[in-house]
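Novice: Numbering of the sequence shown is given in the working numbering, commencing with residue 15 and proceeding in unit increments. We treat Cβ as the ideally placed atom computed from N, Cα and C, and that holds for glycine. Okay, here's the structure, questions in a sec.
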Amino acid sequence: MLSIFDRICAFFSSAIAFLPDAALIVLIPAVLALVFFAGRLTGMLAERNALHKQLKEGRKDAVKRSRAVIGGQMAEQIAPFLPDFPCNPADVRFIGKPVDFIAFPGMAEGKCIEEIVLVEVKTGTSQLSEREKEIKSAAEKGNVRYVEYRI
């Protein structure tokens, strides 16, 4: 008993045997072109699916990072009202960049301001940026000054 593959080969062999040479000259390039374009279409569809998958993953990653940033920004806004915050919330002013807050301890009570505190709020495992490290170092070295600018 012949397999399906053998039957198909036998069918095409007998069909080709009855075709004139001129028909074969046209048929063979047409079949090759059809196979070429089918392969090309398959490749394009595979590439499109891969790009779609990358785009979907990129969107998920962007949403995840965006949520982390928004969560950090919310934490910055409520930080002065949390129990362990180093300053009285009434003494604190939000700056945002390059440090989150500047505090003037004693200002709300009308006391003499003897110190100015730069406060950077971090959530989770986030680290200081290079600029924030530079500001911290300058403040720790005492490289801070007051300038009065008149116009």
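(1) Short check: CB of Ala89 to CB of Val135, under 8 angstroms?
(2) Using a Cβ-Cβ cutoff of less than 7 angstroms, which residues in the same chain neighbour Ile112 once the five nearest sequence positions on both sides are dropped?
(3) In whole angstroms, what separates the C-alpha of Gly138 from that of Asp98?
(4) Do Val133 and Asp114 have their C-beta atoms within less than 8 angstroms of each other?
(5) Distance check for Gly85 and Leu96, CA to CA, integer angstroms please.
(6) Pick out whichever of Leu69, Gly72 and Gly110 has its Cα sitting closest to the Cα of Gln87.
(7) Cα separation between Lys70 and Ile39?
(8) Can you tell me which of Arg79, Lys67 and His66 puts its alpha carbon nearest to the alpha carbon of Ser140?
(9) Run the CB neighbour count on Cys126, radius 10 Å, all protein chains shown included, and call it buried at 16 or more, exposed below.
(10) With a 10 Å radius around its C-beta and 16 neighbouring C-beta atoms as the bar for buried, classify Pro94 as buried or exposed.
(11) How many Å lie between Ile18 and Asn63 at the Cα?
(12) Looking at the unbroken beta strand (DSSP E) that takes in Arg21, where does it start and where does it end?
(13) Measure how close the beta-carbons of Val161 and Ala152 come, nearest whole angstrom, since I'm counting them as under 8 angstroms.
(14) Compare the Cα-Cα distances from Glu183 to each of Ile130, Asn102 and Glu61 and report the closest residue.
(15) Between which two residues does the alpha helix (DSSP H) harbouring Ala152 extend?
Specialist: On the basis of the supplied data:
(1) For the purposes of this step, residue 89 is taken as residue 75 along the sequence shown, with counting starting at 1. For the purposes of this step, residue 135 is taken as residue 121 along the sequence shown, with counting starting at 1. Yes, the Cβ-Cβ distance between Ala89 and Val135 is below 8 angstroms.
(2) Counting from one through the sequence shown, the residue named residue 112 turns up at place 98. Residue identity differs from the one stated: residue 112 is Pro in this sequence, not Ile. Cβ neighbours of Pro112 beyond the five flanking positions: Arg145, Glu146 and Ile149.
(3) Along the sequence shown, one-based indexing puts residue 138 at 124. Along the sequence shown, one-based indexing puts residue 98 at 84. If I take the Cα positions, the gap works out to 16 angstroms.
(4) Within the sequence shown, numbered from 1, the residue matching residue 133 stands at position 119. Within the sequence shown, numbered from 1, the residue matching residue 114 stands at position 100. Result yes, Cβ atoms of Val133 and Asp114 sit closer than 8 angstroms.
(5) Numbered from its first residue, the sequence shown carries residue 96 at position 82. Numbered from its first residue, the sequence shown carries residue 85 at position 71. Rounded to whole angstroms, Leu96 to Gly85 spans 15 angstroms at the Cα level.
(6) Working through the sequence shown from its first residue, we reach residue 87 at position 73. Looking at the Cα atoms, Gly110 is the closest of the given residues.
(7) Sequence index remark: in the sequence shown, residue 70 carries index 56 (1-based). Sequence index remark: in the sequence shown, residue 39 carries index 25 (1-based). C-alpha separation (whole angstroms): 47 angstroms.
(8) The sequence position of residue 140 within the sequence shown is 126, counting from 1. The option with the nearest alpha carbon to Ser140 is Arg79.
(9) Stepping through the sequence shown from its first residue, residue 126 is reached at position 112. Per the 10 Å Cβ criterion, exposed.
(10) On the sequence shown, residue 94 is found 80 positions in, with the first residue counted as 1. Pro94 comes out buried.
(11) What you label residue 18 is simply residue 4 of the sequence shown in a count that begins at 1. What you label residue 63 is simply residue 49 of the sequence shown in a count that begins at 1. Cα to Cα, Ile18 sits roughly 33 angstroms from Asn63.
(12) Your numbering for residue 21 matches position 7 in the sequence shown. Not the beta strand (DSSP E): Arg21 falls in the alpha helix (DSSP H), residues Ile18 to Ala31.
(13) Start at 1 with the first residue of the sequence shown, and residue 161 comes out as number 147. Start at 1 with the first residue of the sequence shown, and residue 152 comes out as number 138. Rounded, the Cβ-Cβ distance is 15 angstroms, inconsistent with contact.
(14) In the structure as shown, the chain starts at 15 and stops at 165, and residue 183 therefore has no counterpart that could be examined.
(15) Residue numbering aside, residue 152 sits at position 138 when the sequence shown is read from its first letter. Looking at the DSSP string, the run of the alpha helix (DSSP H) that includes Ala152 is Glu144 to Lys155.
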